[in-house]
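Colleague: Residue numbers (my numbering), protein chains in the order written: chain A, 122 to 357; chain B, 140 to 601. Let me begin by handing over the structure; questions about it come next.
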Amino acid sequence: MLIENLFPEVCNLFGDPQNAVYLRMSAEGAEEIRTPLDGIPYFVSGRPDIILMGSMSESTQRRVTEKLRPYRERITGLIESGCVFLMTGNALDVFCRRITYVTENIVTDGLGIFDGFEVTTDWFKRKNGKIIGKCDGVTVTGFRSQFAEISGDNSQMYFVKADRGDGIRAGIPYEGIRYRNFIGTQILGPILPLNPGFTSYLIKLCGGNPRPAFEKEAVEAFDRRVEEFLDPSVKF
Amino acid sequence: MKQAKKINLRFIAAMTAAKLSRFALRALGRDGSCTPGIIAVKICPDFLSRLKMPDLLICVTGTNGKTTTSNLICSVLRRAGFGVTNNSTGSNVEGGVATALLAASTFTGKPKNETAVIEVDERSSLRIYRHMTPDYLVCNNIMRDSLKRNAHTDFIAYILGAAVPPETKLILNADDAICSGLCPDSENRKYFGISAEPGEDTVLRSRDIVYCPVCGARLAADYVRYDHIGRLRCPSCGFRSPDPDYCVTGIDRISGRFTLSYGGGKTLTLKTVNSNIVNIYNCCGAAAVLLEAGFPPEKIQAAFESLEIVKSRFNTLTAGGVKVTMQLAKGQNPVACARAFSYVASLPGEDKRLLVMIDDKSDNTNNSESVCWIYDCDYSALKDPSVGVIVFAGKRCRDHRLRALIAGVDGGKIRICDGLDEGGKLILSSGGGDIYILNDPYILKESTAVRDAIAGRLSNAD
């Protein structure tokens, strides 16, 4: 299984890089290509089994958007042909139509691959939260800490339907964007080590053979979190 | 005493209510280090603007080292005979700053002390500096911190850049390229740093500054100490870390002293509070601001001789022939915890026993703490062969165990338990080396109790 990790030297906030680490440890025969921001993505000429990109600062987000813009058609082609993408935190924003940076007074066009979605980022509106829900019947737990809010209707193309916690916006149960095998989620950080069941699901989606690393310990940590997240006294 | 806005009825009402609340809170046994200030600001939003500031106002900010640095500066000032207003034992957000200043002011807002050393939370800078102008602002570093509050270093640098008054003289860490880039248009900037030490790396593995802030090309490093702390340069446009005005040019870890070079050939030998490199930066920043403020070098030197690190940060006792050390490791702060792991691993000794209690107390009360930060923290120092056993104690122990395993720590060395007291018992029954308790600052009382119980059992067994 070939993993392309996009721009890990800068898309590395909040523990997101550990997704690539855990995926590599958990998929039999996995190899990782780490593409730096000053390099040419492997996907331009090759076809990885999964492309990962993690959370980044807003200035990096603008550089990443410009970096990927020339490859928009190729990315669209990969998505349409079923290549697996896992975009965590604000990596998802890059694929939307437009990003408005309120504090910095900057508006940039995103890649527009998901044209019905726009992003507003305000450094003075930090939102933190948790979510528990299901993706194709697999329970997913996660945390979010974000400046961005995404507008648009994802009710027909969501990643997780929340049992508790907000989805794409407050009061909406549908979290993230799922289109074919593209998964973009505002859940950030170590979504894979925190969710060994979802890690297996993702590896199978890539055609790989899952064997989640430290499965017993990962499941114990996961089970405890699920128990807490379903406890009504736990604040969301 | 510095001029402030004229006092008005609102200010008097705020001061009265705040002082009364402080008195009442203390009578109830509460520390009241923040609430009186919150009340004051609620009643009089520009309360801090109307409070007269002491003749010398030094603020200390930055992700790590604020408390230690401000304590060092305070100690020197007090030993030199000055009255000092300080908030290091209280809160460093707006309410805490207001509380410290009002507690040391008369009802009409006149300061009782000639100097103030105020620690300021970076995130609160906009709200604080709009009302008061420090003479000096020391910024130790800008690193990753609580992801929920502080997001990322760009955000914190933006806040500080927007908040710092132009009149304030900045004392910045030259070896932190994010920190040294603050307020680029200011002519009021001086830098401190530590020159290259033997064996330091030259490969930049920074996660927060990889590309040149001027031209965007990939940066190179003359040396890298940890994270992005080091001297960086851009091979493309010539951007480089500034030369420090106050530079540690030699560290003698045996005598616990370092040489500070400054002012075109002057040198000063100063005692450090301990050999941890982060504390040498703290000492250097403290000495730099005092020298910059005109304090005689010999007085600084004499005061440093008797300085000790605050016991809540690091302390050691021996019980039953076993050293039991408490080392602060601030939870939710990935760099601070990684530095604490690394420091403990670097200390002499074998078969060390580590009791790690770094969960966030408030985020685990009717809540489930975000554990993203532990995956942002480098656990690899725990692989050090000198570490014999690691007990993760607390509600998030299973998460810490998994994180450590992913980092490559031998699973046979890891124990977990949900309770802190249980952690103390578990560490005693595991191995026989010195014990290191790595604790979050907000569970100082609980971890001290665990430490005392451990020490008690060790003494009884002796």
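Note that beta-carbon positions come from the ideal geometry of N, C-alpha and C, so glycine has one too. Every value quoted in this text rests on a predicted model; they were computed, and no experiment measured them.
1. Is DSSP giving residue 260 (chain A) helix, strand or coil here?
2. Identify whether residue 326 (chain B) lies in helix, strand or coil by the three-state DSSP scheme.
3. Taking the continuous alpha helix (DSSP H) assigned at residue 139 (chain A), which residues delimit it?
4. Hey, residue 174 (chain A) and residue 215 (chain A): beta-carbon distance below 9 Å or not?
5. For the alpha helix (DSSP H) that residue 298 (chain B) lies in, which residues bound it at each end?
6. Would a check of beta-carbon distances place residue 306 (chain A) closer than 9 Å to chain B?
7. Counting only Cβ pairs nearer than 7 Å, list the residues of chain B close to residue 311 (chain A).
8. Taking the alpha carbon of residue 261 (chain A) as the reference point, which residue from A:242, A:309, A:232 has its own alpha carbon closest?
9. Hey, out of B:224, B:228, B:282, B:235, whose CA is closest to residue 252 (chain B)'s CA?
10. Quick one: which residues of the stretch 312 to 325 of chain A get their C-beta closer than 8 Å to a C-beta of chain B? List them in chain order.
11. Got a sec: is the Cβ-Cβ distance from residue 96 (chain A) to anything in chain B below 9 Å?
12. Residue 249 (chain A) versus chain B: which residues are under 7 Å apart at the beta carbon?
13. Just list the alpha helix (DSSP H) runs in the stretch 529 to 594 of chain B, keeping only unbroken ones of 4 residues or longer that don't cross its boundaries, in chain order.
14. Where does residue 307 (chain A) sit, in a helix, a strand or coil, going by DSSP?
15. Let's test the definition: count the other Cβ atoms within 10 Å of the Cβ of residue 274 (chain A) and tell me whether it reaches 16, buried, or not, exposed.
16. What does a CB cutoff of less than 7 Å around residue 363 (chain A) pick up in its chain, not counting 5 residues either side in sequence?
17. Is there a C-beta anywhere in chain A that falls below 9 Å from the one on residue 290 (chain B)?
18. Could you list which residues in chain A have their beta carbon closer than 9 Å to that of residue 363 (chain B), in chain order?
19. Leaving aside the five residues before and after residue 155 (chain A) along the sequence, list all residues of the same chain whose C-beta is less than 6 Å from its C-beta, in chain order.
20. Name the DSSP bridge partner or partners of residue 125 (chain A)?
21. What residues match up with residue 331 (chain B) in a beta bridge as DSSP calls it?
22. Could you round the C-beta distance between residue 458 (chain B) and residue 594 (chain B) to whole angstroms and report it? I think they count as a contact, below 8 Å.
23. Let me know the secondary structure DSSP gives residue 368 (chain B) once reduced to three states.
24. For a minimum of 3 consecutive residues, which ranges assigned as the beta strand (DSSP E) are wholly contained in the stretch 408 to 471 of chain B?
25. In the structure shown, what three-state DSSP assignment does residue 481 (chain B) receive?
26. Quick check on the burial criterion: 16 or more other C-beta atoms within 10 angstroms. Buried or exposed for residue 341 (chain B)?
27. Could you tell me the alpha carbon to alpha carbon distance between residue 167 (chain A) and residue 463 (chain B), rounded to whole angstroms?
28. Residue 352 (chain A) to residue 189 (chain A), Cα distance in whole Å?
29. Is it buried or exposed for residue 165 (chain B), if we count other Cβ within 10 angstroms and need 16 for buried?
30. How is the alpha helix (DSSP H) around residue 341 (chain A) delimited, first residue to last?
31. Is it true that the CB of residue 170 (chain B) sits closer than 9 Å to the CB of residue 229 (chain B)?
32. What residues in the stretch 265 to 284 of chain A bring their beta carbon closer than 8 Å to a beta carbon of chain B?
33. Quick check: the stretch 290 to 307 of chain A against the stretch 198 to 214 of chain A, are at least 3 beta-carbon pairs closer than 8 Å?
34. Step through the CB atoms of chain A and report whether any lies within less than 9 Å of the CB of residue 637 (chain B).
35. Quick test of your reading: residue 514 (chain B) and residue 333 (chain A), contact by CB under 8 Å. State the CB separation rounded to the nearest angstrom.
36. Measuring alpha carbon to alpha carbon, tell me which of A:228, A:342, A:354, A:356 ends up nearest residue 534 (chain B).
Modeller: Taking the geometry as given:
1. The answer is strand: DSSP assigns residue 260 (chain A) an E or B state.
2. In this structure, DSSP gives residue 326 (chain B) a state outside helix and strand, which the three-state scheme calls coil.
3. 138 to 147 is the span of the alpha helix (DSSP H), which, as asked, contains residue 139 (chain A).
4. In contact: residue 174 (chain A) and residue 215 (chain A) (Cβ atoms closer than 9 Å).
5. Note, residue 298 (chain B): alpha helix (DSSP H), 292 to 302.
6. Judged by the 9 Å Cβ criterion, residue 306 (chain A) is not in contact with chain B.
7. Simply 511, 514.
8. Out of A:242, A:309, A:232, A:309 has the C-alpha closest to the C-alpha of residue 261 (chain A).
9. For residue 252 (chain B), the nearest C-alpha among the options comes from B:224.
10. The residues in question are 314, 315.
11. With chain A covering 122 to 357 only, the question about residue 96 (chain A) has no answer from this structure.
12. Here the neighbours are 287.
13. If only uninterrupted alpha helix (DSSP H) runs of at least 4 residues are considered, those enclosed by the stretch 529 to 594 of chain B are 536 to 545, 559 to 567.
14. Here DSSP, grouped into helix, strand and coil, assigns residue 307 (chain A) to coil.
15. Burial call: exposed.
16. Examination of residue 363 (chain A) is not possible in this model, given that chain A is present from 122 through 357 alone.
17. Residue 290 (chain B) counts as touching chain A.
18. In chain order: nothing, as chain A lies at least about 14 Å away.
19. Excluding sequence neighbours, residue 155 (chain A) sits near 126, 129.
20. The partner list for residue 125 (chain A) (beta bridge, DSSP) reads A:154, A:172.
21. Beta-bridge pairing links residue 331 (chain B) to B:312, B:385.
22. 4 Å between Cβ atoms; contact.
23. DSSP places residue 368 (chain B) in strand when its eight states are reduced to three.
24. Within the stretch 408 to 471 of chain B, the beta strand (DSSP E) runs of at least 3 residues that lie entirely inside it are, in chain order, 453 to 458, 461 to 467.
25. DSSP places residue 481 (chain B) in helix when its eight states are reduced to three.
26. Here residue 341 (chain B) is exposed. Its C-beta has fewer than 16 other C-beta atoms within 10 Å.
27. One C-alpha to the other measures close to 56 Å.
28. Straight across, the Cα-Cα distance linking residue 352 (chain A) with residue 189 (chain A) is about 42 Å.
29. That one is exposed.
30. Element bounds for residue 341 (chain A): 336 to 351.
31. At a Cβ-Cβ threshold of 9 Å, residue 229 (chain B) and residue 170 (chain B) count as neighbours.
32. Of all residues in the stretch 265 to 284 of chain A, only 266, 268 place a beta-carbon less than 8 Å from a beta-carbon of chain B.
33. With three or more CB-CB distances shorter than 8 Å, the stretch 198 to 214 of chain A counts as touching the stretch 290 to 307 of chain A.
34. Since the first residue shown for chain B is 140 and the last is 601, residue 637 (chain B) is missing from the structure and cannot be characterised.
35. So it is not a contact: roughly 16 Å between Cβ atoms.
36. Answer by Cα proximity: A:342.
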